[in-house]
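Take any residue in the sequence shown, count from 1 to its spot, add 169: that is its number in my numbering.
Beta carbons are placed, not taken as given, at the ideal position from N, Cα and C, and that holds for glycine.
One structure is given below, encoded as structure tokens.
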Amino acid sequence: MTRPAAPWTPVTAALAPVAMIGGWTLAAALAPGFDPVAGTISALATDQVTRPWVMTAGLALTGLCHLGTAAGLRPAALPGRALLGLGGLGTLAVAAFPVHVAPVAHGLAAGTAFVALAVWPAGAGCRRPTTHDAARGLLDPPA
Numbered sequence: 170m171t172r173p174a175a176p177w178t179p180v181t182a183a184l185a186p187v188a189m190i191g192g193w194t195l196a197a198a199l200a201p202g203f204d205p206v207a208g209t210i211s212a213l214a215t216d217q218v219t220r221p222w223v224m225t226a227g228l229a230l231t232g233l234c235h236l237g238t239a240a241g242l243r244p245a246a247l248p249g250r251a252l253l254g255l256g257g258l259g260t261l262a263v264a265a266f267p268v269h270v271a272p273v274a275h276g277l278a279a280g281t282a283f284v285a286l287a288v289w290p291a292g293a294g295c296r297r298p299t300t301h302d303a304a305r306g307l308l309d310p311p312a
């Protein structure tokens with residue numbers, strides 16, 4: 170039998186996209202001349218905008234939310250939770266290494282986060298059966 174999700178899990182899961190989308194929307198609104206079609210989210214956290222801390226905070230909060238969700242999503246299989254946590258760490262690293270300061274580290278962190286966040290659901294469904302699950306049908310009377 171699996172343990173239920175931690176009580177904070179729905180909050181962190183719901184807050185992650187709000188922090189990301191809210192961060193980039195607010196950062197773009199505060200960046201005169203920013204073109205959301207041609208520009209990147211990473212550009213909103215550089216010294217080329219007036220308030221880079223807005224996007225940096227949005228990224229950091231998103232990463233923390235992913236970590237919180239990974240920790241609390243106990244019904245999911247460990248490989249999926251680990252990938253979600255890796256995505257959170259990658260997102261935190263994107264915030265910690267702005268593209269204009271550390272382009273290689275930023276790119277590696279962004280790539281890692283992107284891949285981990287894209288594939289974590291596939292790993293979350295691979296829970297191995299417990300002893301209880303394996304014995305469930307053995308003790309049932311024949312139909």
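Helix, strand or coil, according to DSSP, for L233 in the structure here? Here residue 233 corresponds to residue number 64 of the sequence shown, with the count starting at 1. If DSSP states are grouped into helix, strand and coil, L233 belongs with the helices.
Every unbroken alpha helix (DSSP H) within the segment 181-266, with a cutoff of 4 residues, ordered by chain: 221-241, 247-265
Here's the rule: buried if 16 or more other CB atoms are within 10 angstroms of the residue's CB, otherwise exposed. What is V218? Within the sequence shown, the letter at position 49 stands for residue 218. Classification for V218: buried.
In the DSSP assignment, find the unbroken alpha helix (DSSP H) run with W289 in it and report its ends. Position 120 of the sequence shown, counted from the first residue, corresponds to residue 289. It spans 272-293 - the alpha helix (DSSP H) in which W289 sits, taken as one unbroken run.
If H275 sits next to F283, beta carbons under 8 Å apart, how far is it from one beta carbon to the other, in whole angstroms? Mapped onto the sequence shown, residue 275 falls at position 106. Mapped onto the sequence shown, residue 283 falls at position 114. About 12 Å; that fails the 8 Å criterion.
Thinking L255 and G232 are a contact (beta carbons under 8 Å), I'd like their distance in whole angstroms, please. Within the sequence shown, numbered from 1, the residue matching residue 255 stands at position 86. Within the sequence shown, numbered from 1, the residue matching residue 232 stands at position 63. Actually they do not touch by this definition, with Cβ atoms about 11 Å apart.
Could you pull out every residue in the same chain whose Cβ sits closer than 7 Å to the Cβ of M224, ignoring the five residues on either side in sequence? Taking the sequence shown and counting its residues from 1, one reaches residue 224 at position 55. Result list for M224: G192, W193, A196, I210, L213, A214, in chain order.
By DSSP, does P179 sit in helix, in strand, or in coil? For this step, residue 179 is matched to residue 10 along the sequence shown. If DSSP states are grouped into helix, strand and coil, P179 belongs with the helices.
What's the gap between the Cα of G257 and the Cα of A271? The sequence position of residue 257 within the sequence shown is 88, counting from 1. The sequence position of residue 271 within the sequence shown is 102, counting from 1. Approximately 19 Å, taken between the alpha carbons.
Between L277 and P290, what straight-line distance do the alpha-carbon atoms span, to the nearest angstrom? In the sequence shown, residue 277 corresponds to position 108, counting from 1. In the sequence shown, residue 290 corresponds to position 121, counting from 1. The alpha-carbon atoms of L277 and P290 are separated by roughly 21 Å.
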